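Asks:
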Amino acid sequence: MYFNALYIGLGTLLLTHLSLTVIPYYAAQVHAGAWADETLWWHCVHHAPTPVITVQYIGTALGFGLFWALSYLHLLQINGVWSYSIHDLFIWLGLLWLLARTDHACLLLPDVFTQALLWWGLIQLSVKTPELLSSTLWAMAGVYLCGRLIQFFGKLWFALPLVGLGDVKLLVAITPWLGSSALLYVLCLACVLCFLSQAYQQRSWRPKGACAFGPYLVSAAWLVWWCPHPFVL
């Protein structure tokens, strides 16, 4: 119990530092014209400014730590694809949070996060429920193919991709964690959240323009994971 509390505390401090210090520095480099690859991310990790302890910093750390602790207690009640450990939660909650923060800051979903989320989920799935691995891989391939087709026809008919490649990769990455049958719920819920949020911000029931879809996908994935969901394998 004490080890879990210490793990959550230290993990929360790390994620808060990455979220409030490294990601803004990373976004500034991207906006300045830097090539947004994995090398840039690790450069920003090593050269980000020293964090300033503010009320926002402390509040974010406490809020995420509480969310992580409640999620850990929630583990005993959910029927997921496989049983999550506290280390799995660090990957699941932490990487999704960082992805949402980065997309909001610079409209990017870095592969360094998405691939880590994908491969950790696949490894855990293959170890804990290997009988689901084959169907999950087929579902991931189908999601990626559908996403690329939507991009292709969107550019062909509307001169817009309609969905970003990073969003497609994120949907693929969460498949091993939630199960293929939950993806439609995640996508539909994300679309609803995006529409309501943009309608409120623009004060219009016909919102226009592009927006960062990653935070809505992350919110939808968390909500689907938290809710009683017999539709998840």
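Each residue of the sequence shown is one higher than the one before, counting from 779 in the numbering used here.
For each residue, glycine too, the CB sits at the ideal point set by N, CA and C.
Owing to the predicted nature of the structure, the values given are computational and were not obtained by experimental measurement.
(1) Going by C-alpha to C-alpha distance, which of LEU851, ILE869, THR892, ILE831 sits closest to ALA816?
(2) With contact counted as at least three CB pairs below 8 Å, one residue from each stretch, are the region 874-890 and the region 940-948 in contact?
(3) Determine, using beta carbons only, whether PRO897 and TRP955 come nearer to each other than 9 Å.
(4) What separation, rounded to the nearest whole angstrom, lies between the Cα atoms of PHE936 and GLY987?
(5) Of all the alpha helix (DSSP H) runs that stay within the bounds of the region 904-974, which reach a length of 4 or more residues?
(6) Evaluate CYS1005 with the Cβ neighbour count: other Cβ atoms within 10 Å of its Cβ, from every protein chain shown; 16 or more gives buried, anything less gives exposed.
(7) Do you know how far the Cα of ALA839 is from the Cα of SER849?
(8) Going by Cα to Cα distance, which pick from TRP819, ILE801, HIS821, THR794 is closest to VAL833?
(9) Give me, in chain order, the residues of the same chain whose beta-carbon lies closer than 8 Å to that of ALA812; leave out the 5 immediate sequence neighbours on both sides.
(10) Could you check where the alpha helix (DSSP H) with ALA814 kicks off and where it finishes?
(11) Our contact map puts CYS966 next to GLN976 with C-beta atoms below 8 Å; I'd like the distance itself, whole angstroms only.
(12) Output yes or no for whether 9 Å exceeds the beta carbon distance between GLY872 and THR953.
(13) Rounded to a whole number of angstroms, what is the C-alpha to C-alpha distance between ARG926 and LEU943?
(14) For GLY920 and ILE901, I'd like the C-alpha separation in whole angstroms.
(15) Smallest Cα separation from VAL1002: which of SER958, LYS933, SER797?
(16) Could you check whether SER997 and LEU971 sit closer than 9 Å to each other, using their CB atoms as the reference points?
(17) What residue range is occupied by the uninterrupted alpha helix (DSSP H) comprising PHE868?
(18) Considering just the uninterrupted stretch of the alpha helix (DSSP H) at PRO993, what are its terminal residues?
(19) If you reduce the DSSP assignment to three classes, tell me which class GLY987 lands in.
(20) With the cut-off set at 9 Å, would you say GLY932 and LEU923 are in Cβ contact?
Replies: Answer, in terms of the structure:
(1) In the sequence as presented, Ala is not what sits at residue 816; that position holds Glu. Nearest C-alpha to GLU816: THR892.
(2) Yes, the region 874-890 touches the region 940-948.
(3) What sits at residue 897 in the sequence shown is Trp, not Pro. Against a cut-off of 9 Å, the Cβ pair of TRP955 and TRP897 comes out as no contact.
(4) Distance between the alpha carbons of PHE936 and GLY987: 13 Å.
(5) Positions of the alpha helix (DSSP H) runs, each at least 4 residues long and wholly inside the region 904-974, are given as 911-936, 943-956 in order along the chain.
(6) It is exposed - the Cβ of CYS1005 has fewer than 16 other Cβ atoms within 10 Å.
(7) In a straight line, the C-alpha of SER849 is about 15 Å away from that of ALA839.
(8) It is THR794.
(9) Within the same chain, ALA812 has close Cβ partners LEU818.
(10) From DSSP, ALA814 is part of no alpha helix (DSSP H); its letter is neither H nor E.
(11) That belief does not hold up - the Cβ atoms of CYS966 and GLN976 are roughly 16 Å apart, past 8 Å.
(12) Judged by beta-carbon spacing, THR953 lies beyond the 9 Å limit of GLY872, meaning their Cβ atoms are not closer than that value.
(13) When rounded, the distance between both Cα atoms is 8 Å.
(14) Going from the Cα of GLY920 to the Cα of ILE901 covers about 20 Å.
(15) Cα-wise, what sits closest to VAL1002 is SER958.
(16) The Cβ atoms of LEU971 and SER997 sit closer than 9 Å to each other.
(17) Looking at the DSSP string, the run of the alpha helix (DSSP H) that includes PHE868 is 864-884.
(18) Annotation for PRO993: the continuous alpha helix (DSSP H) segment containing it runs 992-1004.
(19) Collapsing the DSSP output to three states places GLY987 in coil.
(20) Their beta carbons are not under 9 Å apart, which means GLY932 does not touch LEU923 by this criterion.
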